[in-house]
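Chains as they are written, first to last, in our numbering: chain Z, 1 to 105; chain Y, 1001 to 1363; chain L, 2001 to 2554; chain G, 3001 to 3255. Glycine included, C-beta positions come from ideal geometry on N, C-alpha and C. Just so we're clear, the structure is a prediction, and the values are computed from it rather than from any experiment. Notes follow once the structure below has been shown.
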Amino acid sequence: MTDQKEMHESQHHIVSPVTYAIVFGALLVFTALTVGASYVEMGIFNPIAAILIACIKAMIVVLFFMHVKYSSKLTKLTVFCGLFTFLALIGMTLADYISRAWGQW
Amino acid sequence: MDHISPVIWQFLVKWMTNFALFPPEASKVAPQMDALLFFMVLVSLVGLTIVILLVTSFCILYSKERHPVAVQIEGSTLLEATWTIIPLGLFLVMFVWGALIYFRVYTPPANAMNIYVVGKQWMWKAEHPGGQHEINSLHIPIGKPIQLTLISQDVFHSFSVPAFRVKREAIPGRYTSVWFEATQTGTFHLFCTQYCGTNHSQMIGDIVVLTPEDYKKWLAESTSGMSLAQNGERLFASLSCNACHNTRPDARGPSLANVYGSKLALSSGGTVLADDAYLRESILNPSQHITQGYAPIMPTYQGQVSEEGVIALVEYIKNLNSNYRIDQTLNTTDLLPEGEGKTAPAAGGTTAPKAAPQGMVKQ
Amino acid sequence: MSATIVSLPDQSTARIPKVNFITKENGLLSWLLTGDHKRIAILYLVSLTFFFFIGGALAGLIRLELLTPQTDLMATDTYNKVFTMHGVIMVFFFLVPSVPATLGNFLIPLMIGAKDLALPKINLLSWYLYVAGGLLAIYTMATGGVDTGWTFTTPLSTHYVNTNVLTTGLAVFIAGFSSIFTGLNFIVTIHKMRCPGMTWFRMPLFVWAHYAASILMVLGTPVVAIAIVLVALERTIGIGVFDPTKGGDPLLFQHLFWFYSHPAVYIMILPGMGVISETISTFSRKRVFGYTAVAFSSVAIAVFGFFVWAHHMFIMGISNYAVLVFSLLTMLVAVPSAIKIFNWTFTLYKGSITFETPMLYTFGFMGLFTIGGLTGVFLGTSGTDIHLTETYFIVAHFHFVMVGGMLMAFLAGIHFWWPKMTGRMYPEKISQLAAVVTFIGFNFTFFPQFILGTLGMPRRYASYPPEFQVLNVFSTAGATILGVGYLLPILYLTWSLKYGEIAGNNPWQATGLEWQTQSPPLTENFPATPIMDHEAYDYEWLENQKEKEVASVG
Amino acid sequence: MSDSTAIAHSAHDAPEHGHEEHPAYLRHHFENVEQQADAAGFAMWLFLLTEVMFFGGLFTAYLIYRNWYYPAFVAASHQLDIFWGSLNTLLLISSSFTMAMGVWCAETRKKSGLVLCLVLTFILGIGFLGIKTIEYKEKIEKHHVPGFHYSLNSFLNPDSDEAAKKAGDQPLPLDMARHTEVYFSLYFAMTGMHALHMIIGIAILGFMIYRAQAGAYTAGHVTFVENFGLYWHFVDIVWIFLFPLLYLISRHANT
């Protein structure tokens, strides 16, 4: 089936060092940005900005350093599954904690 | 007769006379829950019968002797849909019905009589508002909604009364509650059903449901002389809570009169309903529950007051309709043990604060 | 009952193939350092049986103690340790690895036409982890035991017991990694090692079920691992994450614990369902009714299985809204199981049914799992859960699903594939007897417990009010019968290793690829890479093959 | 009843896998090198999935308690030095970069480049752990390790504590101050688990450097390097989240 094809699709795409360097640079910039942002008083947006930047950083590491951009659908699906279950764990647990305070029981 | 050994005979007699198949329905919610239970048993029996009938009849009709060559069938979307949708529908009915009962069991009516229950390894301690203490038993009147406010001093326990069909975990660090209204007099089992350590199976007791007259008698017999609120009052004074929570113009803490059940504005923004849980939390973790306009100076009483003490304080504050009693505690170190009622007369609100002896007030 | 599909080679001339995975190498080391999935499966089978009998002996002690209302056989403390160890050993060292690690290990590569699992060394490592964990658990038991219950509920496990929580936790942690590696290996194998022509929808349903279970193993187990690590830290240095006096929330532990331990029951039951799909098809000579529905219901159980964990906590003070959500999702997860039951039933329709031992166990499974599943709905419904949870009702429900379901399926599978694993048949008559005895004993043991639960008898009680005694005596009596039912297979299966009839390649005339090679198989499984040129459970293809064979011989 | 004809029959139609030249590293049960590499890579990803869930439990705990005890988290996070944190982030990102370059070197069969990259990664990893040790040591000295010796001094009397003073902390009420212990529990659990992964990674790196010098990874078989790269990048990603969560997002008192 598709797996045979997938296997060939995932045939080594060698990412060039230039890409790596650009990614490295971007990571450094984002690190500086997140540290800088933490010194600015933004209220509720402080954590949002920090998490957002962390997500972007993680995404480019996954896409380029970990080659997911060039990998098979299966790898992409795997990453997605992990993310999904991770969010399920956090989201469903927090749902309990958040709604505990609702209403009067 | 001769062939049956006496031991077995004894067993048989014992079995016949002491053999339960279904628990008594002794509370208002019990018949409702049993209705759902019977519905589910019915659905299960029908489902099981269908499966068993189908399997047996197929086994007979299509055994190799009768039916030597199998007919290959791929499947049937219609049938798949049938046995997806019908069970789903039945399960959803159970879900809705069950949720209704769940909310009924855990939503006490406003007029319920509140009894505090503290679970600890390995006993249940009940604190009645009138000051009666009980261990491993609970006396309640028939026909009156009873709310239990549960807390555990150590590990998870679970307060289970099968005859009432209610059960609630007593968890450390937080109040939980459950309510019931007994409809039968008698003595019923109380179990701890959450495994809680070595003597888990000895953490049992009796729920004694009494007629109103018997209940009154029992209340009078087992009084400890002071109501729970009075215990709280004494504790309130001995912990010098009144040093701040008083009615003087320079009081550092908010007035506690009529605070129970009101919506409080917090200094962190937002409002909160002052219920039992809130009162408990603000005694033990005050800094997260500062009323608007007050400084976070209240010390924590975590580790200084037992759960029973907290309960007494909560009960005291709950019944505080005015600051009269608080001001009274400022005036005298000698509390009246023969205090007349649970709460102070409402007239206290107008009483001007009297000069407090400075020695009483710490800091 | 006389009709049978068994066709054995002529016993006077038949021989077990000289070269097979068992005879290929000799000596203990060749087993202990093997990478062969079949040998590892045998290693698992032997060690699992060992742990099963320890767990079973503990269960016997529990039932003996409960014969009388008083605590007369052992002190409450001992009783607590006994049921804790029974739970720990049975759940983590028997049920979770039972079908996947033995039958799954043995059969998945054979069924999909691969030479081995994708990661043979990891497979061996996972067996070593399993044994290390198991021995640690036994060591724990020998040096004083542990009395937290298999759920390690905080703060009991962190602050209020002084038994061997740490070593038991470590044992479970290690066993968890064993299970992760097994699951990971299966997923990779199923994705990457299928033989030419073996598309997803030509795979046997056994493989689908294992695929679903493996997903749960890989994604669920690490969460319980971190929960156990936090418990260990709490016990040793007193970090406050689960300690209410330090501001932690003990319920968080239960969230993390049940995030794994609820999916874990699907890890236990899904592979069993896989076995049932195989046996019911083979013994009714028919393709499984609604193949795709059964396959997808496995995956549906795996996916929904992740979203229902808090139904273990309905009365524990979680938010009532969360109760609603989790109760609703629990209802959804019940549906795929119902789908499976009905599809198996209709597989019988217009089949040509015979009643060999695996089929008897299969019928046992279907009946008992139906009861177990339906009573699960009683507990998933938030209202009735209040009354029934934490009582013997839940004990009975769990055992109906796990012992009545999973163990029946395990025994069905062991009998079904015994000829493939050993090359010899088990004795048919006595094994049919064992199946019937097990079924009767099981019902005697666990059905009274439903009534006990409805009466309100709490679980984990060493003593109980005297009016519950009758039912408890029934239960203990039944357990005795059940014990005989489990001892019998051990005896006659061991006997059959030497004296059983030679089975030949395909005694059941089954269609799976595993039956198209010799028994016991070669180390490389197949003489040459097979090609799957037909659908799963294609009995016409099998007939054609036989005709061709006859023709070519003639 | 001889061996099933299905096998014998099908063997003829099988693609001619058997006639290809088999490299030594191809294990017997795989058809070809791609299948082997694919399977190993996929297995590594699945393993990383379990790691994600492993840390998932800790992140859940962190989020819950941060919402419950925000002032304690603010005060406690002031005890962490952003300088060290940023420097560590820098080191780890750099090591990720050198690791990625190492994978590239292996793929393009540059032996000395690979060894250099691996050694750099190794050094950067050690550097990270070194800084972590400095940070841990400070915590131990201040009695900020949860447990029996935990001290609330920095939070009850912020003036006595340099870091707290610098951040302009107000004294926390006792009950809230006690909850800083939860923060440090999570801090040590999370960074400790992360450091454990680093230590395992560094140990494997050491082994890889030894093997790379022998030219083991520059002969076309790069699976091991690639998979280790995935692991190393994953550890990097964990830190990418830990850094803002523990060091940055709780700097300001009023959220």
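**Item:** Contact list for the stretch 3036-3060 of chain G against chain Z, Cβ threshold 8 Å
**Value:** For the stretch 3036-3060 of chain G, which is checked against every Cβ of chain Z, the residues closer than 8 Å are D3038, G3041, F3042, W3045, L3046, L3048, L3049, V3052, M3053, G3056, G3057, F3059 and T3060.
**Message:** For W1218(Y), report the span of its beta strand (DSSP E) as first-last.
**Reply:** Along the second sequence, one-based indexing puts residue 1218(Y) at 218. Segment P1212 to E1221 is the alpha helix (DSSP H) holding W1218(Y); no beta strand (DSSP E) there.
**Item:** Close beta carbons around L2436(L), own chain, < 8 Å, minus the five adjacent residues each side
**Value:** As a position in the third sequence, residue 2436(L) is number 436, starting the count at 1. Here residue 2436(L) turns out to be Val, not Leu, going by the sequence shown. Contacts found: L2360.
**Item:** Coarse secondary structure for T1300(Y), derived from DSSP in three states
**Value:** As a position in the second sequence, residue 1300(Y) is number 300, starting the count at 1. T1300(Y): coil per DSSP, three-state reduction.
**Item:** Close Cβ partners of T2102(L) (< 7 Å) along its chain, the five nearest in sequence each way excluded
**Value:** The count along the third sequence starts at 1 and reaches residue 2102(L) at position 102. Taking T2102(L) as the centre and dropping the five residues before and after it, the same chain places the C-beta of A2041, Y2044, L2045 and L2048 closer than 7 Å to its C-beta, in chain order.
**Message:** Between which residues of its own chain and L1090(Y) is the CB-CB distance below 8 Å, once the five residues before and five after are set aside?
**Reply:** The residue given as residue 1090(Y) occupies position 90 in the second sequence. Within the same chain, L1090(Y) has close Cβ partners V1043.
**Asked** For the 8 Å Cβ check, are there 3 or more pairs between the stretch 1129-1144 of chain Y and the stretch 1236-1249 of chain Y?
**Response** Result no; under three Cβ-Cβ pairs closer than 8 Å.
**Request:** Starting from I3126(G), find everything on chain L with Cβ-Cβ shorter than 8 Å and list it in chain order.
**Result:** Within the fourth sequence, numbered from 1, the residue matching residue 3126(G) stands at position 126. Result: empty, since nearest Cβ-Cβ is about 25 Å, beyond 8 Å.
**Asked** Residues of chain L with a CB under 8 Å from the CB of Y1116(Y): which are they?
**Response** The sequence position of residue 1116(Y) within the second sequence is 116, counting from 1. Residues of chain L passing the Cβ test: none, with the nearest at roughly 16 Å.
**Prompt:** So what's L2329(L) in DSSP terms, helix, strand or just coil?
**Reply:** As a first step, residue 2329(L) must be located in the third sequence, where it is residue number 329. Looking at L2329(L) - three-state DSSP - the assignment turns out to be helix.
**Request:** Return the CA-CA distance between S1238(Y) and S1306(Y), expressed in angstroms with no decimal places.
**Result:** The residue you call residue 1238(Y) lines up with position 238 of the second sequence. The residue you call residue 1306(Y) lines up with position 306 of the second sequence. Distance between the alpha carbons of S1238(Y) and S1306(Y) is about 14 Å.
**Item:** Local conformation of V1161(Y) per DSSP, three classes
**Value:** Working through the second sequence from its first residue, we reach residue 1161(Y) at position 161. Of the three classes helix, strand and coil, the one that applies to V1161(Y) here is strand, per DSSP.
**Item:** Limits of the beta strand (DSSP E) - the one that H1139(Y) falls within
**Value:** Residue numbering aside, residue 1139(Y) sits at position 139 when the second sequence is read from its first letter. H1139(Y) -> beta strand (DSSP E) spans S1137 to P1141.
**Request:** Please go through the same chain and pick out, in chain order, the residues whose beta-carbon is closer than 7 Å to the beta-carbon of G1341(Y), but skip the five residues on each side of it.
**Result:** Counted from its first residue, the second sequence places residue 1341(Y) at position 341. Since pLDDT at G1341(Y) reaches only 39, below the 50 mark, its modelled position is unreliable, and the value read off the structure follows with that caveat. So the list is empty, once near-sequence residues are dropped.
**Asked** Under the DSSP definition of a beta bridge, which residues are partnered with P2458(L)?
**Response** The count along the third sequence starts at 1 and reaches residue 2458(L) at position 458. Here P2458(L) is bridged, per DSSP, to T2391(L).
**Prompt:** Can you name, in chain order, every residue of its own chain whose Cβ lies under 6 Å from the Cβ of M3176(G), other than the five neighbours on each side?
**Reply:** Sequence index remark: in the fourth sequence, residue 3176(G) carries index 176 (1-based). Closer than 6 Å at the Cβ level, and outside the excluded window around M3176(G), lie P3071 and A3072.
**Asked** Grouping DSSP H, G and I as helix and E and B as strand, with all else coil, what is K2121(L)?
**Response** The residue given as residue 2121(L) occupies position 121 in the third sequence. If DSSP states are grouped into helix, strand and coil, K2121(L) belongs with the helices.
**Request:** Tell me whether F2304(L) counts as near the ligand GDP, meaning its Cβ is closer than 7 Å to at least one heavy atom of that ligand.
**Result:** The ligand GDP is absent from the structure shown, which contains no ligand whatsoever.
**Asked** Does T1300(Y) have its Cβ less than 8 Å from a Cβ in chain G?
**Response** Position 300 of the second sequence holds residue 1300(Y). True, the Cβ-Cβ gap to chain G drops below 8 Å.
**Message:** Can you find the residues in the same chain that come closer than 8 Å, C-beta to C-beta, to F64(Z), ignoring five residues on each side of it along the sequence?
**Reply:** In the first sequence, the residue the question calls residue 64(Z) occupies position 64. Excluding residues within five positions, the ones whose Cβ falls inside 8 Å are V15, T19, Y20 and V23.
**Message:** For chain Z, check one thing: does any of its Cβ atoms lie closer than 8 Å to the Cβ of I2228(L)?
**Reply:** Within the third sequence, residue 2228(L) is the residue found at index 228, counting from 1. So no, I2228(L) is outside the interface.
**Asked** Taking the C-alpha atoms as reference points, what is the distance between T2153(L) and P2244(L)?
**Response** For the purposes of this step, residue 2153(L) is identified with residue 153 of the third sequence, where counting begins at 1. For the purposes of this step, residue 2244(L) is identified with residue 244 of the third sequence, where counting begins at 1. Between T2153(L) and P2244(L), the C-alpha separation is close to 13 Å.
**Asked** By Cβ distance, which residues of its chain are closer than 8 Å to G1143(Y), with the 5 residues on each side in sequence left out?
**Response** Residue mapping note: residue 1143(Y) aligns to position 143 of the second sequence, counting from 1. E1181, A1182, T1183 and P1212.
**Request:** For I2490(L), name the three-state secondary structure that DSSP assigns.
**Result:** Walking along the third sequence from the start, residue 2490(L) turns up at place 490. The answer is helix: DSSP assigns I2490(L) an H, G or I state.
**Message:** I need the straight-line Cα distance from G82(Z) to A88(Z), nearest angstrom please.
**Reply:** Taking the first sequence and counting its residues from 1, the one referred to as residue 82(Z) is at position 82. Taking the first sequence and counting its residues from 1, the one referred to as residue 88(Z) is at position 88. Going from the Cα of G82(Z) to the Cα of A88(Z) covers about 10 Å.
**Message:** Can you tell me where the alpha helix (DSSP H) holding W3104(G) begins and where it ends?
**Reply:** Numbered from 1 along the fourth sequence, position 104 holds the residue referred to as residue 3104(G). Counting along the chain, the alpha helix (DSSP H) containing W3104(G) begins and ends at I3082 to E3107.
**Asked** When the cut-off is 8 Å and only beta carbons count, does Q1288(Y) lie next to chain G?
**Response** By one-based count along the second sequence, residue 1288(Y) stands at place 288. It does; some Cβ of chain G falls within 8 Å.
**Prompt:** Is there a Cβ from chain Z that is less than 8 Å from the Cβ of S3086(G)?
**Reply:** Within the fourth sequence, numbered from 1, the residue matching residue 3086(G) stands at position 86. True, the Cβ-Cβ gap to chain Z drops below 8 Å.
**Prompt:** Which residue's Cα is closest to the Cα of R2287(L): T2511(L), R2015(L) and V2223(L)?
**Reply:** In the third sequence, counting from the first residue as 1, residue 2287(L) sits at position 287. Looking only at T2511(L), R2015(L) and V2223(L), the smallest Cα-Cα distance to R2287(L) is reached by T2511(L).
**Request:** Anything in chain L within Cβ reach of I3064(G), meaning under 8 Å, just list it in chain order.
**Result:** To locate residue 3064(G), count along the fourth sequence from 1; it is residue 64. Neighbours of I3064(G) across chain L, judged by C-beta separation under 8 Å: D2249 and L2252.
**Prompt:** Should the stretch 2118-2127 of chain L be called in touch with the stretch 2181-2194 of chain L, which here means at least 3 C-beta pairs below 8 Å?
**Reply:** yes
**Request:** For F3234(G), collect the residues of the same chain with a Cβ closer than 7 Å to its Cβ; drop the 5 residues on either side in sequence, then sort them by chain order.
**Result:** The count along the fourth sequence starts at 1 and reaches residue 3234(G) at position 234. Contacts found: L3048 and E3051.
**Supposed close pair R2459(L), I2371(L) - CB separation, criterion 8 Å** = Numbered from its first residue, the third sequence carries residue 2459(L) at position 459. Numbered from its first residue, the third sequence carries residue 2371(L) at position 371. Not quite, the Cβ-Cβ distance comes to about 18 Å (not below 8 Å), so this is no contact.
**Message:** Out of F2092(L), T2078(L), D2036(L) and C2195(L), which one is the CA nearest neighbour of L2125(L)?
**Reply:** Along the third sequence, read from residue 1 onward, the residue named residue 2125(L) stands at position 125. Closest by alpha carbon: D2036(L).
**Message:** Bridge partners for R2424(L) per DSSP, in chain order?
**Reply:** Within the third sequence, the letter at position 424 stands for residue 2424(L). DSSP output for R2424(L) lists I2502(L) as bridge partner(s).
**Message:** Rounded to whole angstroms, what is the Cα-Cα separation between I98(Z) and S2519(L)?
**Reply:** The count along the first sequence starts at 1 and reaches residue 98(Z) at position 98. The count along the third sequence starts at 1 and reaches residue 2519(L) at position 519. Cα to Cα, I98(Z) sits roughly 58 Å from S2519(L).
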